[in-house]
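Below is one structure, written out as structure tokens, with a few remarks after it.
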Amino acid sequence: MTARIPTLDIRRYDTDRDAFVAELGAAYREWGFAGIRNHGIAQAAIDGAYDAFKAFFALPADVKMKYHVKGAGGARGYTPFGIETAKDSKYPDLKEFWHIGREIARDSKYADVMAPNLWPSEIAGFRDYGYGLFEALDALGSRVLRALALHIDLPEAYFDDKTNFGNSILRPIHYPPITSPDIPNVRAGAHEDINLITLLVGASAQGLEVKSRKGEWVPFTADADTIVVNIGDMLQRLTNHVYPSTTHRVVNPPGEAARQPRYSVPFFLHPNPDFMIDVLPSCIDAGNPSRYPEPISAHEYLQERLREIKLI
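Once you know that position 162 of the sequence shown is 228 in this note's numbering, the rest is easy, because the numbers rise by one and skip nothing.
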């Protein structure tokens, strides 16, 4: 089952570009998901970040809550259990998480919507490893977007100046052990991501499932050297559903596996806050007329969606 969602070698973007772009584009048109290997991010950087994140989540609750900013929608710092809830779900997800955002000058025109980062003083290396991983995934995401741009007949660098100040987020997540067999919650309810693309690095356990076009749930557990990259709703809207934002979830594992914690670190790549999400002309034709006649700014769209999932 897992082999049905393609995993591609991104080095081929430099050595066999046309074929790589065609294969990547076909994977996203069908699945909205693909694996990317040989991505160039050092395993030591990934492992160091995971170690720092795990150390933070192991801190006492009252220490972690020092970094919870009430009324900020979890934009930076710590979000505790019992808050984020998938749209239309009765129960909150079984997770706590931290948000690292882009470092920008405080006199930037985006400063009012992109807050400064918080850094836990209790964990050595949290800032260096955390922001190092943010920058590495941001660069990799830009390469993926370049390939996707070519696939839909845009200039290769189309997204470069539209994401260089993107309100992107690195989200270390801790799903705790599940100790009750009858708990109604799941680790992450069925949902689509908000942003342009999501890059998931090194999930520590199985559980990710992707909903196929036929409505079946397909498990997708990537190899250790593979980063899972999926389409978000902003790119789906921009491309008039040429690139679909696929529903996915993180299910509770059976048996003893449920008693192990799960950690994952997705990177949500966003456009610049003032980017207008307006359907691309190259993605409109007689068979696929524009579904979104009204453009919306990336910031406005983000706020709408954060309200839906109860973060604001």
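Note that beta-carbon positions come from the ideal geometry of N, C-alpha and C, so glycine has one too.
Thinking C-beta only, is residue j closer than 8 Å to residue i?
i, j, result
"W97", "V276", "yes"
"E222", "L214", "no"
"G268", "Y116", "yes"
"S356", "N296", "no"
"V294", "F99", "yes"
"A181", "A141", "yes"
"R95", "Y309", "yes"
Label residue i either buried or exposed according to how many other C-beta atoms from any shown protein chain fall within 10 Å of its C-beta, with 16 as the threshold for buried.
i, result
"E162", "buried"
"S330", "buried"
"D289", "exposed"
"R212", "buried"
"G281", "exposed"
"G139", "buried"
"G353", "exposed"
"Q109", "exposed"
"R70", "exposed"
"G255", "buried"
"S234", "buried"
"A202", "buried"
"D82", "exposed"
For the ligand ADP, is there a heavy atom less than 7 Å away from the beta-carbon of residue i?
i, result
"H336", "Looking for the ligand ADP in the displayed structure turns up nothing, as the structure carries no ligands at all."
Considering only residues of the same chain and omitting the five flanking positions on each side of residue i, which have a CB-CB separation below 8 Å?
i, result
"T68", "Only weak support exists for where T68 lies, its pLDDT of 43 falling under 50; the value from the coordinates is given anyway. Cβ within range, chain order: V284, P285, F286, T287."
"S174", "M180, F231"
"K120", "H240, Y329"
"R78", "A85, F86"
"A93", "I71, P72, L74, F99, A100"
"L220", "L346, S348"
"Q369", "I378"
"M131", "Y144, P146"
"A177", "I170, A171"
Between which residues of its own chain and residue i is the CB-CB distance below 7 Å, once the five residues before and five after are set aside?
i, result
"F123", "E162, H240"
"P361", "M342, I343, D344"
"P337", "K228, T229, G232, L262, M300, A364"
"H105", "I76, L206, I293"
"S278", "V284"
"N183", "R142, I166, G167, E169"
For the candidate residues the options, whose alpha-carbon lies nearest to that of residue i?
i, options, result
"D299", "N183, L220, D128, R371", "R371"
"V210", "Y367, D80, A352, D351", "D80"
"P238", "Y309, S208, P146", "P146"
"L265", "F86, G281, R315, F200", "F200"
"L236", "N354, T313, R168", "R168"
"P72", "D178, I102, D84, R83", "I102"
"V179", "R83, D340, R78", "D340"
"K376", "L90, G137, D82", "G137"
"I107", "A93, D204, N183", "D204"
"E366", "P332, M131, I260", "I260"
"A111", "F225, L90, A85, G191", "G191"
"Q302", "I350, E374, Q369", "I350"
"F333", "M131, S208, T313", "S208"
Would you mind giving the Cβ-Cβ distance between residue i and residue j, rounded to the nearest angstrom? I have them listed as a contact below 8 Å.
i, j, result
"I193", "W185", "First, the amino acid is wrong: residue 193 is Arg here, not Ile. Indeed they touch by this definition, with Cβ atoms about 4 Å apart."
"Y133", "G143", "4 Å"
"P243", "P327", "5 Å"
"S348", "I218", "5 Å"
"L304", "L346", "6 Å"
"I170", "Y197", "At roughly 12 Å, the Cβ-Cβ gap does not stay under 8 Å, so I170 and Y197 are not in contact."
"E188", "V135", "That pair is no contact at about 17 Å."
Leaving out five residues on either side along the sequence, give the residues of the same chain with a beta carbon under 6 Å from the beta carbon of residue i.
i, result
"D195", "According to the sequence as given, residue 195 is Tyr; it is not Asp. Once the five neighbours on either side are set aside, the close Cβ partners of Y195 are G114, A115, A118."
"D291", "R103"
"Y224", "A215"
"R325", "P243"
"G91", "H217"
"H314", "V276"
"I378", "G139, L372"
"A226", "Strictly speaking, residue 226 in this sequence is Asp, with Ala absent from that position. Closer than 6 Å at Cβ, skipping near neighbours: no residue."
Should residue i be flagged as near chain C, meaning a C-beta pair shorter than 8 Å?
i, result
"T145", "Any reference to chain C falls outside this structure, which holds one protein chain only."
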